[in-house]
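> Note that the sequence shown covers residues 223 to 513 in my numbering.
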Amino acid sequence: MRSQLFVPGDSEKKLAKGLDAGADCLFVDLEDSVANANKPAARAMTRQFLASARKAERRPLLYVRVNALDTGLTDADLDAIMPGAPDGILLPKAQGGADVQHLAAKLAVREAENDLPDGGTRICCVATETASAVFGLASYRSSSRRLAALTWGAEDLSADLGAETNRLADGAHAPVYILARNMTLLAAVSAGVQPIDTVYPNFRDEAGFRRECIEARRDGFTGKMAIHPAQVPIINEIFTPPAEEIERARKIVKAFADNPAAGVIGMDGEMLDKPHLERARKLLARISVAR
Ligand code: COA
Ligand code: MG
Numbered sequence: 223m224r225s226q227l228f229v230p231g232d233s234e235k236k237l238a239k240g241l242d243a244g245a246d247c248l249f250v251d252l253e254d255s256v257a258n259a260n261k262p263a264a265r266a267m268t269r270q271f272l273a274s275a276r277k278a279e280r281r282p283l284l285y286v287r288v289n290a291l292d293t294g295l296t297d298a299d300l301d302a303i304m305p306g307a308p309d310g311i312l313l314p315k316a317q318g319g320a321d322v323q324h325l326a327a328k329l330a331v332r333e334a335e336n337d338l339p340d341g342g343t344r345i346c347c348v349a350t351e352t353a354s355a356v357f358g359l360a361s362y363r364s365s366s367r368r369l370a371a372l373t374w375g376a377e378d379l380s381a382d383l384g385a386e387t388n389r390l391a392d393g394a395h396a397p398v399y400i401l402a403r404n405m406t407l408l409a410a411v412s413a414g415v416q417p418i419d420t421v422y423p424n425f426r427d428e429a430g431f432r433r434e435c436i437e438a439r440r441d442g443f444t445g446k447m448a449i450h451p452a453q454v455p456i457i458n459e460i461f462t463p464p465a466e467e468i469e470r471a472r473k474i475v476k477a478f479a480d481n482p483a484a485g486v487i488g489m490d491g492e493m494l495d496k497p498h499l500e501r502a503r504k505l506l507a508r509i510s511v512a513r
């Protein structure tokens, strides 16, 4: 999934608009964008939304961002929304693989209660929202087969650090957030799950947003979260590999398949060996998964 659009779970209007935004996935939010007094109403609205949105023939994946495990709100969130059969849960403030397993156990119970396939609900974690979470990044590997993706966040991390800002004057992230970003990328790849880049809050700055998408793709992220519908087509465009790139990947895979004894091949004046073949295979695997 290239684009994941956040939609506050207490806004009927935005939920409806989100469905038509062209995102590969919606992150329906019960956490930070919903005030405490609105949580019960947001849970009920989200459940109804899931139940009706699931029926559409072509729809985005539907994930729900629940409240963090240490808030005491997670169980009530899950009790309310699991009857709506979300495709996945986005876990904020995750501290590592043990939190994934904790959530997985909660999901297994609700799947049984709601007649849902065992293990079917996927998990994506926001993995860098506190300083200690950054040290837990290596523990996602082998945590659970439910784990589908890792993403990172600079807003809550800067609050935990007591930092003055997380962005520099030119809009780029300050070095400590780039460290968290890069560690998330490494952790996701090492866990064999999708690395997703963080949100870009300044939703009127298209040029800055586009630049950040291109940098993320360059480094190996395969998707980015959006907070506004206008960001979705840009993400989809940038994270869809161009036709020439796909064609070239096919050519590389074929060249090695046609020459099984060759470790190295020359193609169009370039040396290709195992890492090039791996990269080509990875790209083709990515596009074969529709979302
Ligand atoms: N999902 C769906 N629809 C959205 C949307 C979103 N995330 N953000 C904006 N829209 C809708 C607006 O309701 C508006 O609809 P309308 O034309 O029918 O009135 C339209 O898109 C244009 O919105 P705009 O006026 O440009 O922005 P806004 O001031 O209404 O909203 C935010 C700005 C930031 C409040 C809004 O984008 C938002 O709620 N984003 C998600 C926040 C969130 O979930 N944060 C948690 C993760 S960090
Ligand atoms: Mg937050």
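We put the beta carbon where it would ideally sit given N, CA and C, even for glycine.
None of the values given here were measured: they were computed from a predicted structure.
Say the cut is 6 Å; is the CB of H450 nearer than that to a heavy atom of the ligand COA?
Yes.
> Drop a sphere of 10 angstroms on the beta-carbon of M493, count the other beta-carbons inside from all chains shown, and report buried for 16 or more, exposed for fewer.
Exposed, since its Cβ has fewer than 16 Cβ neighbours within 10 Å.
> Whole angstroms is fine: what's the gap from D495's alpha carbon to S412's?
So the alpha carbons of these two residues sit roughly 22 Å apart.
> In whole angstroms, what is the alpha-carbon distance linking H324 and K235?
Looking at the two C-alpha atoms, the distance is approximately 33 Å.
> Any chance the segment 311-328 sits against the segment 359-367, with 3 or more Cβ pairs inside 8 Å?
Yes, they touch.
> Helix, strand or coil for M447 per DSSP?
Strand at M447.
> Taking its Cβ as the centre, do 16 or more other Cβ atoms sit within 10 Å of M447, making it buried, or is it exposed?
The residue is buried, with at least 16 neighbouring Cβ atoms inside 10 Å.
> Assuming A349 and T373 form a contact by the criterion Cβ under 8 Å, report the distance between their Cβ atoms to the nearest whole angstrom.
Yes, A349 and T373 are in contact; Cβ-Cβ is about 7 Å, under 8 Å.
> For P497, count the other beta carbons within 10 Å of its own beta carbon; 16 or more makes it buried, fewer makes it exposed. Which is it?
With fewer than 16 other Cβ atoms within 10 Å, it is exposed.
> Can you give me the C-alpha to C-alpha distance between V486 and T387, rounded to a whole angstrom?
Looking at the two C-alpha atoms, the distance is approximately 48 Å.
> Name, in chain order, the residues that DSSP records as bridge partners for L369.
I345.
> What did DSSP end up calling D299 once you bin it into helix, strand or coil?
D299 falls in the helix class under three-state DSSP.
> Would you please state the rounded distance, in angstroms, between the beta carbons of K261 and L252? I believe it to be under 8 Å.
Confirmed, Cβ separation roughly 7 Å.
> Do the segment 268-281 and the segment 298-310 meet, that is, are 3 or more Cβ pairs less than 8 Å apart?
A contact exists between the segment 268-281 and the segment 298-310.
> Going straight from the alpha carbon of A355 to that of K315, what length do you get?
Each residue's alpha carbon lies about 8 Å from the other.
> Below 8 Å, can you find three or more Cβ-Cβ pairs linking the segment 500-508 to the segment 472-487?
At 8 Å Cβ cutoff, the stretches touch.
> Tell whether a beta-carbon distance below 7 Å holds between L379 and V415.
Cβ atoms of L379 and V415: not closer than 7 Å.
> Less than 6 Å separating the Cβ of F228 from some heavy atom of the ligand COA?
F228 Cβ: within cutoff of the ligand COA.
> Kindly examine the ligand COA and report whether one of its heavy atoms sits closer than 6 Å to the Cβ of K315.
For the ligand COA, not one heavy atom lies less than 6 Å from the Cβ of K315.
> Using a threshold of 6 Å, is the CB atom of K236 nearer than that to any non-hydrogen atom of the ligand COA?
Checking the Cβ of K236 against the ligand COA gives yes.
> Check whether the Cβ atoms of A327 and C346 sit closer than 7 Å, and answer yes or no.
Contact flag unset, no.
> Are the beta-carbon atoms of D242 and R224 separated by less than 7 Å?
No; because the gap between Cβ atoms is not below 7 Å, this pair is not in contact.
> Quick check on DSSP: helix, strand or coil for V250?
V250: strand per DSSP, three-state reduction.
> Report the option in N458, L300, A502 whose CA atom is closest to the CA atom of E467.
The shortest C-alpha separation from E467 is found at A502.
> Using a Cβ-based criterion (distance less than 6 Å to any ligand heavy atom), does D251 qualify as near the ligand FMN?
Among the ligands in the structure shown, the ligand FMN does not appear; only the ligand COA and the ligand MG can be found there.
> Helix, strand or coil, according to DSSP, for L283 in the structure here?
Reduced to three states, the DSSP call for L283 is strand.
> Check L227 in the structure and name its three-state DSSP category.
DSSP places L227 in strand when its eight states are reduced to three.
> Nearest CA to the CA of A263: which residue from A394, D232, A402?
Nearest C-alpha to A263: D232.
> Out of D254, E351, D419, which has the shortest C-alpha to C-alpha gap to C435?
Of the listed residues, the one whose Cα sits closest to C435 is D419.
> Quick one: what's H395 bridged to in DSSP?
In DSSP, H395 forms a bridge with R389.
> Less than 6 Å separating the Cβ of K239 from some heavy atom of the ligand COA?
Yes - the ligand COA has a heavy atom lying nearer than 6 Å to the Cβ of K239.
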